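The structure under discussion appears below in the form of C-alpha cells.
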Amino acid sequence: MAAGQPNRLPHGGRIDRSQPLAFSFDGRAFEGFAGDTLASALMAAGVSLVGRSFKLRRPRGIVGSGAEEPNAIMQIGEGAAAQPNLPATRVELCGGLNARPTRGWPGVRFDIGAVNDFFGRVLGAGFYYKTFMWPRSWWKHYEHAIRKSAGFGQAPDGPDPDRYEHMNAHCDVLVAGGGPAGLMAALAAAKSGARVILADEQNEFGGSLLASAASIDGVPAAEWAASAVAELQGLDDCVLLPSSTVFGYHDHNFLTIAERCAVHPGSSNGGGVRERLWRVRARQVVLAQGSLERPLVFCNNDRPGVMLASAVSTYVERYAVLPGRRAVVFTNNDSAYRTAISLAGAGAEVAAIVDSRFGGGGRTGPAGELGARVQALGIPVLAGHVVSDVAGRRRVTGASIARWYGDSWGNVRNTIRMDCDLVAVSGGWSPAVHLHSQAGGRLDWDETRHCFLPAEARQAHFSAGAGNGKWSLRECLADGLRAGAEAVSKLGLKPVAVRAPDTDADDGENPIEPLWRVPAARDADRCPRQFIDFQNDTTVADIRLAVREGYRNVEHVKRYTALGFGTDQGKLGNINGMAVLANVLGKAIPEVGTTTFRPAYTPVSFGVCAGESVGELYDPVRTTAIHEWHEAAGAPMETVGQWRRPWYFPRNGEDLHAAVARECLAVRKSLGVMDASTLGKIDACGPDVVEFLERIYTHNVGRMKVGRCAYGVIPGEDGMLMDDGVMARTGEHRFYLTTTTGGAAAVLDWMEKWLQTEWPELEVYLTSLTDHYSTIAAAGPNSRSLLEKLGCDIPLDKESFPFMTMKPAVLAGMRVTLFRVSFSGELAFEINIDSNDALAMWRKIMEAGAEFDITPYGTETMHVLRAEKGFIIAGQDTDGSVTPVDLGMNWLLSKDKDFLGKRSLQRPDCLREDRKQWVGLLSQDGRTVLPEGTQLIGDTGKPTAMCGHVTSSYFSACLGHPIALALVAGGRQRKGETIYAAQAGRDPLPVRIVSPVFYDPKGKRQHV
Amino acid sequence: MLLIECPWCGPRAETEFSYGGEAGIERPADPYALSDAEWADYLFFRSNPRGAHRELWNHAQGCRRWFGVERDTVSYRIEKSYRLSGAGSGRPAAAHIEASEEKRR
Amino acid sequence: MSETGLPLPGVEISVRSGRGYLNLRLDPRRGQALEAAERILGQPVPPAENTFTASEHEIYWLGPDEWLIATAAERVLSLGSELAEGLAGFHSAVNDVSGGHVELLVSGADARMVLAKGCTLDLHPREFAPGQCAQTGLGRAAVLLAAGDPSIYTIVVRRSFSDYLRRWLANAARPYGARFPAR
Ligand SMILES: [Zn+2]
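Residue numbers (this note's numbering), protein chains in the order written: chain A, 313 to 1320; chain B, 40 to 144; chain C, 30 to 212.
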C-alpha cells in the first residue's frame, strides 16, 4: 500500500495527475505523478529524511532541485543495470522505480554512524590523513571499514545490459542550457540560418521558466518556452537535446554532452540505448547554464527542512509540492522574496522573511514591486536580522533569529525563536561558470553582485543570462539574444532581427549584501556545526583549523578539508568556502583565488565514456586472409599489435609445449607452413630509390643485384635498432621492403618523414602492400618438393633459384612471388600472393603437403626456430637501447656510406666496451627454462650488481635442452664464462654464456 | 581534442594525426664534422618553448603528408599550418616554408 | 513498411564484391604524366583534394600525388600494365592492391547517423557533398569514405580491418534496423 502525498498541492504544477506512478524508496512503497522527479515525489510524500552525511552520519534532507543537490544521492535499481550516485533531483520518476539512499548504511532511519556526530570533535579536517595513514601497512584494513560506512553507491553486479552510444556532431552554434537566455540565443542563431544544437540537462526545455510565475509576451513563462521550442523544432539544422548535460568544454571548441536516453534509470532499457555521448565540434558556443543559488552558513544549517529558496519555489510552482507548512525565509538578496510569495500563494504560512540587509536604514524590505507584494500579503519582514541556528534533528522545528551587526566573527545575543518546519535560504547567486572556466576563460570577482563572472573567453564562446550575472528575466532574455546574434556575426552570417520578448517579471532589485558566515551564540570553533560542503561535511571550523595548521592556498585547503570533492563537486559550497577562507585569512576573495573547473560538470557514467568500444569492439582486431582456416583448426590466438595470429596448432588435446615441440621438429625434419601475412610490406620505387634506401638501411643497398634479397636493419638517428626485415630488389629502381608485424606503420611513417621533410629532392614513392599480399612461409627440407608438387613454372633447384633471391612465378596455377628466404634456418620459400587468393593457396598447400606430413605452425614455434638460429625479434630482444653493434651485426654496417644513426654509433656511450651485448645462455642444470626478463648477476654475493637480462627463452625440442638469449654487459668477450640467473625464492642458477647461434652455426641447411 | 588543419585536407580531428616533434631541426650536412656534444645537441635537445612552437604533424589517417604547425604550447591555439617545400628543392624542407601556401586559421 | 511487414531499415549495408584496385602515384605538376594516365584511364584523375571521379572506374584522391583506382576486378591486370607502360618515362608508381581492400556500401536515411557514431568528419551534405571523399577514421579503423548520391556512402577499408569494421557497422546500425547480409 503506497503512502499518500500529503504535501501535494491540489492544483497546478507541470505534473500529469492522470498518470500516477508507483515507486519505492528505502524499501517503502510510494506514489507520484508523471512529470515528477524522484525528489519532488519524495517531498510530496512527506519524506524529509533522504540520507546520512558522509562523515558525521547526520540526517539529511533534500536541499536543492537540480544538479547541485548534495544530500539526496540515490542508488537506482538493482543488479546489472543499477546506477549508483544519482541525485534524486535529476531522476525523472517512472513506474516501478526502485531507489535507495547511498548514504545511510545500514539504514537512513537507524544509523550506527550517527555516533560519529557525538565524537565529531576528533573528526575534524585532515582526520583521515592524520589517523589512518599510519602505519601505512594498516591502510588496507581501515579502507575497507571506511568505504563501507562512508556509503558510496554500489557498483552494478554484472555486465551492463544496455547500449551506450557515441555520436560525433558538428554545428555552427552550440547553446548549452535551454532556459530563457539559451532559448533566445538558439532562436537568434537558428533563425539566421546557423546549424544549432541546443542542449539542456532537464527533460523539458525552459529552465527557470518552468517554475516561474511571470509571463512573457502576455503568456505564462512556461508556455512561452514551449512555443519557442516548437519554433526551433521547425527550423532546419536545429538539433534539440533535452536530458543532455554539456559536461565538458575541451580544446578547440570541442564539447562533450551526456544524453540520458533511457526512460527508466536503474533498470535495463531492453538492450536499447541508455545514454549517448555527443562529441561536438562547435564553431561558436553560447554558455547559458544559469546560476546556482548559494546556501547561507549558520549553525545546523544542514538540518532537513533547510532548503534553497529557489528550490522551494521550484517544488511549489513546477511540481505542485509544498515543502513545508510554516516557513522562515532567510536571505541577503531579493530573489527569496519570490519564494515567500510562492509559498504564501500555495497556502503555506510564511512566519517571516529574515533579511540581513536594511539593518540601519529604517527600511522594512526591498523597494519596488517585490516589497509591495510581500507587504500586501502581510508577510512580516525582519530587516537587519539573521537566522543563527535551527532546532530539530530529523526535521527543522524552529529557527533562532538574531540581530545582525555586520560582524561575522562576533557572537549573537538575545535570539528569538520562531517555530517553523521549513527554512528557505538564499545567500545570493553564483553563475555556473564551469564550462567557461574549462574552456580556459578567466573569472573576475564582481564586487556588486558578489560572485565570479565569466571574463574574457579564450575560445570561441559567449556567456549569457544568469550565467553571465544577469539576474532578472528581462535581462536574461535580452542577453541571450545578444549572445546568439554575436555568435552569428562571428560566423559571418547576417543576423536575422529577433525581437526581445516583453515580460512582467519584477525588475530593479536591491543589491545583495554579502553574508558569508552568520555568527553564533558561541565562538566559531565551539558553536554547533556550520556546514559549507554538505556532501563532505566540511564546516567553518574545519577551514579555520586548516588555516591554523598552516594551509593558505585555496587548493591546499580544499584538499585538506575535502571541500568540493564530492560527486556534486562543491556546487553549493565552493564559493562560500572560499569566502570564509578569505575572511579567516583577512584577505579579499579574489586574492584567495578561484579554483580551476575541470570536466565533468556533473558525474558521467563509465558506460557512456566507453560507448560501444566494449567486448569484441574494444580494439580493432586485424585478421589475415587465412584467419578462418586457423580458427577452424582450433588454434589458440595470440595478439601481436592489433593482429590476431595463431599461436600454435594443438593436435589431440596437446598443450603448448607438446604442440610446439612437435611443430619445431616437423620443420627441422620435413615440412612446416606458417601464415606470415602480418609482416609489413612496402613497395619503394623511383629514380632515387637506391640513394634513399642507402640512407635508411645500414648495408650497401646499391650492391644488391635485381632479384637479390638482403636482410636489413633500420636504426633510428640515435643509432638504436628500430626495425628489421628482408628487402628484395625487384627492379633497377624498385625495391620490395618488409618490416616486422608491429613496425609496419612506424617504418612507413619514418621513411615518409625523411622523404617529405628532409630530402624532398629524392624522387621515391612508397606504397604499402601489407594488406594486398599474403605471405605463406613453407619451411623444412621438403619445402622444395612441396612447391614442385604444387606445380611451379620456374625451376626451383639451388643453382637456378639460390638462397636469398626472389622470382615471380605461377604456383598451383596462381600468380605469386617466391622468396628464398628463411627465418627458421631451414630450406624455405616465402610465397607472396594476392590476399584474395591466399586462402585457396593455403588449402592447396595443405593438400599437397599431406604426403610430407605438412605441419602448420604458429608464432611460438616461429620464435623457437629463430632463437635456435640466433635471429632477433625487434621489440623482444631489443628495447630501443640496443644498437646493431650490440647485436653483433657489425657485418651489416657499411663503411662506404653514411646512413641514419651511423654517427651516433661513434658516441662515447655507444663505444663503451661494457655495453650490454646480445649472447646465448645455457642453463647449467640442462633443464631450467629461464623466465624471460630474468635478471643476470656476475656472482652470488649479496648484494650484487645486475649485469644483464634474458630477452628470449625456450625449450629447444630439436636440441633437447633449454636455450636463452640475453643482453649481458660486455657479453661477447665473456663467452664460456659462467654467470648467474636470479630466481625468485631460490638460489641463483649458474648459466654459461655462449654464442647466440645454437643450431647449424655454419648456416648450411638454408642453402641446400 | 585539437582540430588541426591539414594543408591539403582541411581541418580534421587530432585523432587523424601523429606528432613529429619540433620543426626546423636540420640534419647536419656532415655529421662527422660535428663534435659529440654538437651531435648530441642535434639529436636530443629541443627548444620546448612556453608559447609559440613550430612542430611537425603527419596526417597519418588521411593524406599521409607531413606538414608544419605553429601552436601555442600554453593555450594550444594553432596560429597556422603550412606545407613544407615541394620536391626537388634540393634544400632541407624544414628550413624554409612556402609562405604563399601558408594557411591561416 | 516493407512487403514482409517489417519496418523498412533506416540503413542498409552491403559488401561490393568483384572489385579490383590500383594505387597510382605521380606528380600532377608534371602535366605529361597526368595526361598519359588520364588517356589510359579514360577519365580525369581528380586534381582537387578529397574528391573522386566516377566513370568506368572510380578514381579517389588519396594525397597530392596519390590516387586509388577502383575498377572491375578483371580489368586490374591489363589496366595496371597499361598504366605502368604508359608512365614508364615518368617518376611514378603503379601497384596492384586488389587484395588489400574491401569495399562496403552504407545507404539509407539513417546512413549518415550510423557513420557519425564513429567518424569525426562533418558529414552534413553541405560539407561532405556527393563527389567528395576523405581518408579518415571510422570506429577505430582507418577508411576511405566517399559520398555518392545522397545517403549512399562507399567505404574502402584495408582487408585486415574489414572484419572488425563489418562488426562495428553491424553493431552501430542495429538500433536503426539495419539489414546486414551474413558473411
Ligand atoms: Zn591531409
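Every residue gets a Cβ at the ideal spot worked out from N, C-alpha and C, and that includes glycine.
Keep in mind it's a predicted model, so treat the numbers as computed, not measured.
Would you say B/W47 touches ligand 1, meaning its beta carbon is less than 8 angstroms from a heavy atom?
The answer is yes for B/W47.
Rounded to the nearest angstrom, what separates A/L567 and A/R591 at their Cα positions?
For A/L567 and A/R591, the distance between alpha carbons rounds to 6 angstroms.
So, for A/S700: in the same chain, excluding its five sequence neighbours on each side, which residues have a beta-carbon less than 8 angstroms away from its beta-carbon?
Hits under 8 angstroms: F610, C611, S712, I713, A714, V724, T727, V830, P831, A832 and A833.
Check whether the Cβ of C/C148 sits closer than 8 angstroms to any heavy atom of ligand 1, and report yes or no.
No, the beta carbon of C/C148 sits no closer than 8 angstroms to any heavy atom of ligand 1.
Give me the Cα-Cα distance between A/R402 and A/I528, rounded to the nearest whole angstrom.
Using only the alpha carbons, I get a separation of about 27 angstroms.
Tell me the rounded alpha-carbon separation between A/C550 and A/V575.
Approximately 23 angstroms, taken between the alpha carbons.
With distances taken from CA atoms, which of A/D328, A/I327, A/L354 and A/S330 is nearest A/Y340?
Sequence inspection shows Arg at residue 340 of chain A; the Tyr mentioned does not correspond to that position. A/R340 has its Cα closest to that of A/L354, out of A/D328, A/I327, A/L354 and A/S330.
Using a Cβ-Cβ distance under 9 angstroms, would A/G560 count as near chain C?
It does not; no Cβ of chain C falls within 9 angstroms.
Inspect the beta-carbon positions of A/V633 and A/Y627 and report whether they are closer than 9 angstroms.
Contact: yes.
What residues in the segment 70-90 of chain C bring their beta carbon closer than 9 angstroms to a beta carbon of chain B?
Cβ contacts with chain B: E78, N79 and W90.
Count the other C-beta atoms from every protein chain shown that fall within 10 angstroms of the C-beta of C/L174, then say buried if there are 16 or more, exposed otherwise.
Per the 10 Å Cβ criterion, buried.
Output the distance between the C-alpha atoms of A/S360 and A/G677, rounded to the nearest integer angstrom.
Whole-angstrom Cα-Cα distance: 31 angstroms.
Let me check you understand the geometry: is the CB of C/C162 closer than 8 angstroms to at least one non-hydrogen atom of ligand 1?
No, the beta carbon of C/C162 sits no closer than 8 angstroms to any heavy atom of ligand 1.
Return the CA-CA distance between C/G47 and C/L106, expressed in angstroms with no decimal places.
Rounded to the nearest angstrom, the two C-alpha atoms are 14 angstroms apart.
Does the Cβ of B/P131 have 16 or more other Cβ atoms within 10 Å, making it buried, or fewer, making it exposed?
Residue placement at B/P131 is flagged as unreliable, the pLDDT there being 37, under the threshold of 50; the coordinate-derived value follows with that caveat. Result: buried.
Interface residues of chain C around A/G998 at Cβ under 7 angstroms?
Near A/G998 (Cβ distances below 7 angstroms), the residues of chain C are H120.
Under 8 angstroms: do the segment 188-203 of chain C and the segment 157-174 of chain C share three or more Cβ pairs, one atom per stretch?
Yes, the segment 188-203 of chain C is in contact with the segment 157-174 of chain C.
Taking 9 angstroms as the cut-off, decide whether the C-beta atoms of A/L1139 and A/R1317 are in contact.
Yes, they are a contact pair.
Kindly indicate which residue of A/R1178, A/G752 and A/S738 has the alpha-carbon position closest to the one of A/V698.
When only C-alpha atoms are compared, the closest one is A/S738.
Note the first and the last residue of the continuous alpha helix (DSSP H) segment covering A/T873.
Start and end: V866 to T873.
Just the chain A side, please: which residues come within less than 7 angstroms of B/D75 by C-beta, in chain order?
Result: R1219 and P1220.
Could you have a look at A/Y717 and say whether DSSP puts it in helix, strand or coil?
The answer is coil: DSSP assigns A/Y717 none of H, G, I, E or B.
Could you work out which residues of chain C lie near B/G107, taking near to mean beta carbons separated by less than 9 angstroms?
Residues of chain C passing the Cβ test: none, with the nearest at roughly 15 angstroms.
Just how far apart, CA to CA, sit A/V292 and A/I374?
This structure gives no information on residue 292 of chain A, because the portion of chain A shown stretches from 313 to 1320.
With three or more C-beta pairs closer than 8 angstroms as the rule, is the segment 1239-1253 of chain A touching the segment 1192-1202 of chain A?
Because the criterion of three Cβ pairs below 8 angstroms is not met, the segment 1192-1202 of chain A and the segment 1239-1253 of chain A do not touch.
Report the three-state DSSP secondary structure of A/A978 (helix, strand or coil).
If DSSP states are grouped into helix, strand and coil, A/A978 belongs with the helices.
So, is the C-beta of B/R116 closer than 9 angstroms to a C-beta in chain C?
Cβ-Cβ to chain C under 9 angstroms: no for B/R116.
Which residues in chain B have a C-beta closer than 8 angstroms to the C-beta of C/A163? List them in chain order.
Ordered by position in chain B, the residues that pass the 8 angstroms Cβ test against C/A163 are C48 and G101.
One question on the structure: do A/A488 and A/L747 come within less than 9 angstroms of each other, judged by their Cβ atoms?
Yes, the pair counts as a contact, with Cβ atoms nearer than the cut-off.
Using a Cβ-Cβ distance under 9 angstroms, would A/P1072 count as near chain B?
Answer yes: the Cβ-Cβ gap between A/P1072 and chain B drops below 9 angstroms somewhere.
Residues in its own chain within less than 6 angstroms of A/G636 by CB, not counting five upstream and five downstream?
Cβ within range, chain order: D733 and L734.
Determine contact between the segment 550-566 of chain A and the segment 659-671 of chain A, defined as no fewer than three beta-carbon pairs at a distance below 8 angstroms.
Result no; under three Cβ-Cβ pairs closer than 8 angstroms.
Shorter than 9 angstroms from the beta carbon of A/G1216 to some beta carbon of chain B?
The sequence shown places Ser at residue 1216 of chain A, not Gly. It does: the Cβ of A/S1216 has a partner Cβ on chain B nearer than 9 angstroms.
Would the C-beta of C/G166 count as close to ligand 1, meaning under 8 angstroms from any of its heavy atoms?
No - ligand 1 has no heavy atom lying nearer than 8 angstroms to the Cβ of C/G166.
Does ligand 1 have a heavy atom nearer than 8 angstroms to the CB of A/H562?
The answer is no for A/H562.
Ignoring anything shorter than 4 residues or poking outside the segment 846-918 of chain A, list the alpha helix (DSSP H) runs there in chain order.
Qualifying alpha helix (DSSP H) stretches, in chain order: 852-860, 866-873, 886-897 and 901-904.
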